[in-house]
Amino acid sequence: MSDRKQENIERINELWKLHEPREEGLEAGGRCLAFVIDRRYLVDPDGGENRLAVSFGHPVVGPVTEEGFLPIPGQPGAFVFGLHEVGVNGNQLAMSDSWMTSLHAGGCSDPVEGEAKARAILDAMSDEEYFASARASSDDRRPINESSRYLLEDFEVVEVAGW
Numbered sequence: 025m026s027d028r029k030q031e032n033i034e035r036i037n038e039l040w041k042l043h044e045p046r047e048e049g050l051e052a053g054g055r056c057l058a059f060v061i062d063r064r065y066l067v068d069p070d071g072g073e074n075r076l077a078v079s080f081g082h083p084v085v086g087p088v089t090e091e092g093f094l095p096i097p098g099q100p101g102a103f104v105f106g107l108h109e110v111g112v113n114g115n116q117l118a119m120s121d122s123w124m125t126s127l128h129a130g131g132c133s134d135p136v137e138g139e140a141k142a143r144a145i146l147d148a149m150s151d152e153e154y155f156a157s158a159r160a161s162s163d164d165r166r167p168i169n170e171s172s173r174y175l176l177e178d179f180e181v182v183e184v185a186g187w
């Protein structure tokens, strides 16, 4: 793993705390171990990019969560994937929606494998599914664009987008 990518993973853990437990009874110290950004994006009204991303790390809720208690569905296992909406402005990457959903990680427990599977989750998403998840509202008609910048090390992770 490159130094820049590792620095950004540490920054994600520090600023966004994506994989820290949100439910009593879970082991403290949950961490994001991999984070993958999609190439596709929608241009927001201010010129930034709305993108989807997938994280891999420790679960934030238990496998059985009370209905309506938290919007994040519980998954079995020691690790989960999370679907997130992020904003990109220039080289800055900021979190827009911390948890859209969680996905079962199966037997995946290694950050390298987690990164590859996270990329596969995004790549398997059709443009229609992507648009339905990334759009601002049901009447949103913005086109999907594609960027050559999508690697985590291409960005500076920030707490709040500076735009």
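Numbering (my numbering), first residue to last: 25 to 187.
All C-beta atoms, glycine included, are put in the ideal place defined by N, C-alpha and C.
Considering only residues of the same chain and omitting the five flanking positions on each side of Met-119, which have a CB-CB separation below 7 Å? Stepping through the sequence shown from its first residue, residue 119 is reached at position 95. Same-chain partners within the cutoff: Trp-40, His-108, Val-110.
Round the Cβ separation of Arg-46 and Val-85 to the nearest angstrom and send it over; I've been treating them as touching at under 8 Å. Walking along the sequence shown from the start, residue 46 turns up at place 22. Walking along the sequence shown from the start, residue 85 turns up at place 61. Correct: roughly 6 Å between the Cβ atoms.
Delimiting residues of the alpha helix (DSSP H) encompassing Ser-157: Taking the first residue of the sequence shown as position 1, residue 157 is located at position 133. Segment 151-158, the alpha helix (DSSP H) holding Ser-157.
Of the choices Ser-122, Gly-138, Ser-150, Ser-161, whose alpha-carbon is the least far from that of Leu-42? Against the sequence shown, residue 42 aligns to sequence position 18. For the residues Ser-122, Gly-138, Ser-150, Ser-161, the minimum Cα distance to Leu-42 belongs to Ser-122.
Counting only the same chain and skipping the five closest in sequence on each side, list residues whose C-beta sits under 6 Å from that of Leu-127. Translated into positions along the sequence shown, residue 127 becomes position 103. Around Leu-127: Phe-105.
What's the C-alpha gap between Arg-55 and Glu-38? Against the sequence shown, residue 55 aligns to sequence position 31. Against the sequence shown, residue 38 aligns to sequence position 14. Taken atom to atom, the span from the alpha-carbon of Arg-55 to that of Glu-38 is near 9 Å.
Across which residues does DSSP place Val-184 in a beta bridge pair? Indexing the sequence shown from 1 puts residue 184 at position 160. DSSP lists no partner for Val-184.
Closest by C-alpha distance to Val-181, when choosing among Ile-33, Asp-27, Gln-99, Ser-26: For the purposes of this step, residue 181 is identified with residue 157 of the sequence shown, where counting begins at 1. It is Ile-33 whose Cα lies nearest to the Cα of Val-181.
Taking the alpha-carbon positions, what's the Pro-95 to Arg-64 distance? Translated into positions along the sequence shown, residue 95 becomes position 71. Translated into positions along the sequence shown, residue 64 becomes position 40. Going from the Cα of Pro-95 to the Cα of Arg-64 covers about 25 Å.
Assuming Arg-64 is part of the beta strand (DSSP E), what are its boundary residues? Numbered from 1 along the sequence shown, position 40 holds the residue referred to as residue 64. Arg-64 -> beta strand (DSSP E) spans 64-67.
Can the beta-carbon of Val-188 be found closer than 8 Å to that of Arg-75? It is not possible to answer for residue 188, since the shown part of the chain is limited to 25 through 187.
Check whether the Cβ atoms of Val-80 and Glu-139 lie closer than 8 Å to each other. Within the sequence shown, residue 80 is the residue found at index 56, counting from 1. Within the sequence shown, residue 139 is the residue found at index 115, counting from 1. Val is not the amino acid found at residue 80; the sequence shown has Phe there. Result yes, Cβ atoms of Phe-80 and Glu-139 sit closer than 8 Å.
Is Gln-30 helix, strand or coil by DSSP? Here residue 30 is taken as the residue at index 6 of the sequence shown, counted from 1. Reduced to three states, the DSSP call for Gln-30 is helix.
Going by DSSP in three states, Leu-146 sits in which element: helix, strand or coil? For the purposes of this step, residue 146 is identified with residue 122 of the sequence shown, where counting begins at 1. Three-state result, Leu-146: helix.
In chain order, what residues of the same chain have a beta carbon less than 6 Å from the beta carbon of Asp-151, not counting five sequence neighbours either side? Position 127 of the sequence shown, counting from 1, holds the residue named residue 151. Cβ neighbours of Asp-151 beyond the five flanking positions: Ile-168.
Please identify the residue among Ala-129, Glu-183, Gln-99, Asp-62 whose C-alpha is closest to the C-alpha of Arg-173. Working through the sequence shown from its first residue, we reach residue 173 at position 149. Minimum Cα distance to Arg-173 is reached at Asp-62.
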